[in-house]
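Those letters in the sequence shown? Residues 598 to 972, per our numbering, in order.
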Amino acid sequence: MPHDLPLRAWVELDREALAHNVAVLRRLLPPHCTLMPAVKANAYGHGAVPVARELNRLGLQAFCVATAQEGAELRAGGVQGEILVLGYTHPQQARLLHQNHLTQTVVDHSYGMALEAQNVPLEVHLKLDTGMHRLGEGSDRVDTLVPLFACRNLKVTGAFTHLCAAGTASPEDRAFTLSQGRAFCTALARLEAQGCPIPKRHLLSSYGLLHYPELGGDYARVGIALYGVLSSPADLTRCPVTLRPVLSLKAQVAQVRTLEAGEQAGYDLQFTAQRPTKLAVLTIGYGDGLPRSLSCGVGAALVGGRKAPIAGRVCMDQTLVDVTDCPPVAPGDTAVLIGTSRGLEITACDLAKETGTIANEILSRLGARLERKWR
Ligand SMILES: *Cc1c(COP(=O)(O)O)cnc(C)c1O
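Here it is as structure tokens:
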């Protein structure tokens, strides 16, 4: 990973920002609860192995991922500790789970029995549905899970649920979230009353930890907040702590050209110079995860400490920006797509707002072609 040759387009990671976020989020943890960072989708685009290894160094010993393959990649990269696969894994992949010492989520009785039938010893966490109606057995039907505790191969080491309305302050969403917390507790008590112990319980993700730490649990599965980002700008006003973005997205200036007034540029000639115009060609495009909807004046890069608006359509591998109002720009100069430059900042949240999505999507789509390096 560390790399001294100039790069084409890259993700730059701020180690101090990550340590800062870990520290402030740890202070919010309820008693006996530890962080279980979500490093799925390549750690929200940051780079799963470098991020998880750094988190290991900061003392974190539990992670969650979306797929068994993601878990195996962490192990291949030397990541230590518990790794919980949150998503569905085909039972025939049981060996992959076992070989990599991954904990698999069990979503209902029949899935658990299918895993058991693979004849591979596995640790599992039970997923309970308390209202999101995505994965998991209904929390009012946990009796159906009791036989899983008698399995020879499966060892139930935990149970969890997912809050789906913890991010807003509306009284309805608050009441719903609290009802999810109660349903989870009731279900676990029912299992215990039938002789089914649940060593680890967890229900908080980023917004749960920020707004409902009183719901407790043994793990907080934090993703977006750990990366120092919230889903949308409005959420910042309600955030009880100051988070620092870990990621910057950068590219190079490949070429600079001048257009006369009236000349056009880019696919479908969507840019027309209204005046003599200097365009810089950047070495990044939608093939790297820069959204194509950032075209034609929507979105900008920071070049030479100024905002350079995106000119015409973002291409797969390249993007034109208008640097007419920037200080002199030359090939090899760095352009910032996400991050800061001389007091100016473009956040993942800004891109999300401009493209009608949340920062989580912008980050998790940052592509495999980008190199990841610590600042
Ligand atoms: C992705 C995910 C998380 C992490 O969510 P953030 O909002 O990014 O903190 C936690 N739990 C589950 C089940 C998830 O799928």
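Note that CB positions come from ideal geometry on N, CA and C, so glycine has one too.
Query	Result
Helix, strand or coil: which one does DSSP assign to T937?	strand
Do you know whose CA, among E651, Q861, G805, lies nearest P873's CA?	Q861
For H799, is the beta carbon positioned less than 6 angstroms from some heavy atom of ligand 1?	no
For ligand 1, I want to know if L683 counts as a neighbour, meaning its beta carbon is within less than 6 angstroms of at least one of the ligand's heavy atoms.	yes
Can you name, in chain order, every residue of its own chain whose Cβ lies under 8 angstroms from the Cβ of P688, other than the five neighbours on each side?	Y708, A711, L712, A714, Q715
Closer than 6 angstroms to a non-hydrogen atom of ligand 1 - does that hold for the CB of R612?	no
Under 7 angstroms between the Cβ atoms of L876 and N618?	no
So the candidates are I959, D914, G929; which of them puts its Cα closest to the Cα of I935?	I959
Just verifying my parser: in three-state terms, what is the DSSP assignment at D919?	strand
Which residue's Cα is closest to the Cα of G675: N653, L625, L681?	N653
Below 7 angstroms between beta carbons: does that hold for F746 and V753?	yes
What distance in whole Å lies between the Cβ atoms of L806 and A790, which are believed to be in contact at a cut-off of 8 angstroms?	Wrong, their Cβ atoms sit about 29 angstroms apart, outside the cutoff.
Give me the Cβ distance between H695 and P718, rounded to the nearest whole Å; I'm assuming they're in contact under 8 angstroms.	6 angstroms
Considering Cα atoms alone, identify which of Q915, Q849, Q658, L785 is closest to V926.	Q849
Just to confirm, does G733 get its C-beta within under 6 angstroms of one of the non-hydrogen atoms of ligand 1?	no
On the three-pair Cβ rule with 8 angstroms, is the segment 945-965 touching the segment 906-921?	no
If we ignore side chains and look at the alpha-carbon of each, how far apart do V662 and N750 end up?	22 angstroms
Which stretch, first to last residue, makes up the alpha helix (DSSP H) that contains A949?	945-952
How close, in whole Å, do the beta carbons of L967 and P810 come, if the pair is a contact with beta carbons under 8 angstroms?	L967 to P810, Cβ: 34 angstroms. No contact.
Quick test of your reading: A851 and T880, contact by CB under 8 angstroms. State the CB separation rounded to the nearest angstrom.	5 angstroms
Just list the alpha helix (DSSP H) runs in the segment 662-728, keeping only unbroken ones of 4 residues or longer that don't cross its boundaries, in chain order.	665-673, 691-696, 706-713
With a threshold of 16 other CB atoms inside 10 Å of the CB of G813, please say whether the residue is buried or exposed.	buried
Figure out for me which residue from G678, V838, L742, T774 has the closest Cα to the Cα of A784.	L742
How long is the line joining the alpha carbons of R910 and G882, rounded to whole angstroms?	10 angstroms
May I ask you to check if the CB of I821 is nearer than 6 angstroms to at least one heavy atom of ligand 1?	yes
Cβ of H808 within 6 angstroms of any heavy atom in ligand 1?	no
Taking 6 angstroms as the cut-off, does the CB of S736 come closer than this to any heavy atom belonging to ligand 1?	no
Is the beta carbon of G863 sitting closer than 7 angstroms to the one on L840?	no
Please report how far the alpha carbon of E670 lies from the alpha carbon of L941, in whole angstroms.	36 angstroms
For E651, which of D919, A616, R972 has the nearest alpha-carbon?	A616
Helix, strand or coil, according to DSSP, for E860 in the structure here?	coil
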